[in-house]
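**Student:** Be aware that the sequence shown starts at 50, since it is given in our numbering, and climbs by one per residue.
Below you'll find the structure I mean.
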Amino acid sequence: MCNNKGNEGSNIQEEKEMKVKQVNVESRRSVKVGTEFLTFTAGMVADLDKDEDEIEAIQALFKKANDEVDNQIQQSVEDLT
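This is how it looks when you write it as structure tokens:
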């Protein structure tokens with residue numbers, strides 16, 4: 050039987066809004082060039098401002114990482130052919 054009288058002495062903490070301060074993403078792609086498979090990766094990290102939207106920041110960072118992988122692939126294919 051529980052005999053709680055209010056929250057005196059309890060470990061209940063006030064709920065606080067959590068805020069993402071940093072975003073870390075990685076893009077990876079494998080492509081077949083000739084008879085070999087090559088894997089390209091790009092990792093990106095961004096610190097977020099307190100007013101910045103996390104979803105938009107993550108999407109922008111993924112776009113930047115994906116673009117970097119695309120550039121790596123294009124450069125490698127040009128170098129190998």
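We treat Cβ as the ideally placed atom computed from N, Cα and C, and that holds for glycine.
What is the DSSP secondary structure of K112, counted as helix, strand or coil?
**Tutor:** Translated into positions along the sequence shown, residue 112 becomes position 63. If DSSP states are grouped into helix, strand and coil, K112 belongs with the helices.
**Student:** For D119 and E105, I'd like the C-alpha separation in whole angstroms.
**Tutor:** On the sequence shown, position 70 is the one that residue 119 refers to. On the sequence shown, position 56 is the one that residue 105 refers to. Looking at the two C-alpha atoms, the distance is approximately 21 angstroms.
**Student:** Could you compute how far the alpha carbon of K68 sits from the alpha carbon of F111?
**Tutor:** By 1-based counting over the sequence shown, the position of residue 68 is 19. By 1-based counting over the sequence shown, the position of residue 111 is 62. Rounded to whole angstroms, K68 to F111 spans 19 angstroms at the Cα level.
**Student:** Could you give the first and the last residue of the continuous beta strand (DSSP E) run that contains M93?
**Tutor:** Mapped onto the sequence shown, residue 93 falls at position 44. Looking at the DSSP string, the run of the beta strand (DSSP E) that includes M93 is E85 to D96.
**Student:** How many angstroms separate the CA atom of Q124 from the CA atom of D102?
**Tutor:** Residue 124 sits at position 75 when you count from the first residue of the sequence shown. Residue 102 sits at position 53 when you count from the first residue of the sequence shown. If you take the alpha carbons of Q124 and D102, they lie about 33 angstroms apart.
**Student:** Given R78, which residues of its chain have a CB within under 6 angstroms of its CB, disregarding the five upstream and five downstream residues?
**Tutor:** Taking the sequence shown and counting its residues from 1, the one referred to as residue 78 is at position 29. If we look at R78 and ignore the five residues flanking it on each side, its Cβ neighbours are F89 and V118.
**Student:** Taking the alpha carbon of M93 as the point to measure from, which residue in N115, G83 and L87 has its own alpha carbon closest?
**Tutor:** Looking up residue 93 in the sequence shown gives position 44. Measuring from the Cα of M93, the nearest candidate turns out to be N115.
**Student:** Buried or exposed: where does V126 fall if 16 or more other Cβ atoms within 10 Å of its Cβ makes it buried?
**Tutor:** By 1-based counting over the sequence shown, the position of residue 126 is 77. Looking at its Cβ environment, which holds fewer than 16 other Cβ atoms inside 10 Å, V126 is exposed.
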